[in-house]
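> Each residue of the sequence shown is one higher than the last, beginning at 219 in this note's numbering. Glycine residues also receive a C-beta, built at the ideal position from the N, C-alpha and C atoms. What follows is a single structure, and I will ask about it in a moment.
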Amino acid sequence: MIKDITIGQYFPGNSFIHKLDPRAKLIITFAALVEIFICKNFFSLGVVLVFSVASILISRISFKIVMKGLKVIYFIIVLTSLLQIFYNDDGTLLFEWWKLKVTTGGVFTAVFMAVRIFCLILVSSLLTYTTSPTTLTDGLERLLSPLKALKIPVDVLAMMMTIALRFIPTLIEEIDKIMNAQKARGADLESGNLTKRAKALIPIFIPLFVNSFRRAYELAFAMECRCYSGSGKRTRMKVMKMTWRDIVSFVFMAVMLTGIILLNHFFGAVI
219 MIKDITIGQY FPGNSFIHKL DPRAKLIITF AALVEIFICK NFFSLGVVLV FSVASILISR
279 ISFKIVMKGL KVIYFIIVLT SLLQIFYNDD GTLLFEWWKL KVTTGGVFTA VFMAVRIFCL
339 ILVSSLLTYT TSPTTLTDGL ERLLSPLKAL KIPVDVLAMM MTIALRFIPT LIEEIDKIMN
399 AQKARGADLE SGNLTKRAKA LIPIFIPLFV NSFRRAYELA FAMECRCYSG SGKRTRMKVM
459 KMTWRDIVSF VFMAVMLTGI ILLNHFFGAV I
């Protein structure tokens with residue numbers, strides 16, 4: 219399960235989405251997340267779902283890889299759906315047992331929330347799937363550059379955020395190695411009640427924290443040896459430039475936003 223997490227990984231490619239300017243991808247991702255949250259019915263949410271799936275297909279990233287990365291959030295989706303089913307009394311009563319009630323409104327809301335979370339993960343993951351950490355850092359720094367007028371260290375913040383994303387796969391691989399090592403020593407990490415399983419994780423988290431601090435120190439030392447400094451004017455090997463692909467993407471997102479607003483207006487709200 220741990221090794222299936224793909225969030226934060228970069229998959230090189232030559233697709234339409236890979237060729238987009240990193241600044242455009244950041245803006246489009248933010249706009250897509252806003253559009254997902256403003257959806258109020260299944261018609262508008264269906265538009266977002268089609269857009270999310272189509273984006274994965276256009277990026278030419280294996281859908282199998284994407285679905286493997288979603289395994290870690292299945293529990294969140296199921297839990298959220300169950301809460302919506304049992305704590306929503308709207309609509310026609312379908313089933314009742316003790317204090318638990320299942321209504322049509324609860325079922326509709328549960329499905330709606332599950333699809334919304336699914337789209338959120340797809341859209342946000344696609345950004346790191348199609349953008350290298352270095353390019354993402356440069357794009358984020360350029361977008362936040364106006365904040366430099368307020369004496370905010372934008373370049374340092376962009377580097378910190380990108381390093382955090384970059385080390386997600388590394389830490390996941392580290393956890394998998396530690397768990398395999400503990401199992402080889404006879405540790406039981408999967409049986410027993412919740413308290414016992416929580417205590418069994420202590421031998422995993424302690425070496426994980428130690429290795430994480432060691433990696434952080436090694437990275438900081440390597441950057442210092444290379445005279446890296448976040449402040450000052452830095453040159454870049456590749457100059458970012460908006461192309462027709464970015465303009466087409468912006469126009470498409472604007473059209474989709476208009477369509478979602480119209481669908482919300484004409485068909486009302488589910489939640």
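Closest by CA to alanine 242, which one among Pro387, Leu383, Thr348 and Thr413?
Taking the first residue of the sequence shown as position 1, residue 242 is located at position 24. Minimum Cα distance to alanine 242 is reached at Thr348.
> Anyone know if the C-beta pair for isoleucine 335 and isoleucine 279 falls short of 8 Å?
Counting from 1 along the sequence shown, the entry for residue 335 is found at position 117. Counting from 1 along the sequence shown, the entry for residue 279 is found at position 61. Going by C-beta atoms, isoleucine 335 is not nearer than 8 Å to isoleucine 279.
> Helix, strand or coil for phenylalanine 234 per DSSP?
If you number the sequence shown from 1, residue 234 lands on position 16. Coil.
> Tell me the DSSP secondary structure of valine 265 in three-state form.
For the purposes of this step, residue 265 is taken as the residue at position 47 of the sequence shown. Helix.
> Please list the segments of the alpha helix (DSSP H) lying wholly inside the segment 282-317, counting only runs of 4 or more residues, in order along the chain.
292-304
> If you draw a straight line from the alpha carbon of methionine 379 to that of glutamate 442, how long is it in whole angstroms?
Locating residue 379 in the sequence shown gives position 161, where the first residue counts as 1. Locating residue 442 in the sequence shown gives position 224, where the first residue counts as 1. The straight-line gap from Cα to Cα measures roughly 18 Å.
> Relative to the C-alpha of alanine 372, which residue among Arg384, Met397 and Gly357 is closest?
As a working note, residue 372 is residue 154 in the sequence shown. The residue asked about is misnamed: residue 372 is valine in this sequence, not alanine. Closest option to valine 372, Cα to Cα, is Gly357.
> Please report how far the alpha carbon of valine 325 lies from the alpha carbon of alanine 249, in whole angstroms.
Counting from 1 along the sequence shown, the entry for residue 325 is found at position 107. Counting from 1 along the sequence shown, the entry for residue 249 is found at position 31. If you take the alpha carbons of valine 325 and alanine 249, they lie about 28 Å apart.
> Do the CB positions of aspartate 239 and aspartate 464 come within less than 8 Å of each other?
Here residue 239 refers to the residue found at position 21 when the sequence shown is read from its first residue. Here residue 464 refers to the residue found at position 246 when the sequence shown is read from its first residue. Yes, the Cβ-Cβ distance between aspartate 239 and aspartate 464 is below 8 Å.
> Do you know how far the Cα of isoleucine 245 is from the Cα of alanine 382?
Mapped onto the sequence shown, residue 382 falls at position 164. Mapped onto the sequence shown, residue 245 falls at position 27. Roughly 20 Å between the two C-alpha positions.
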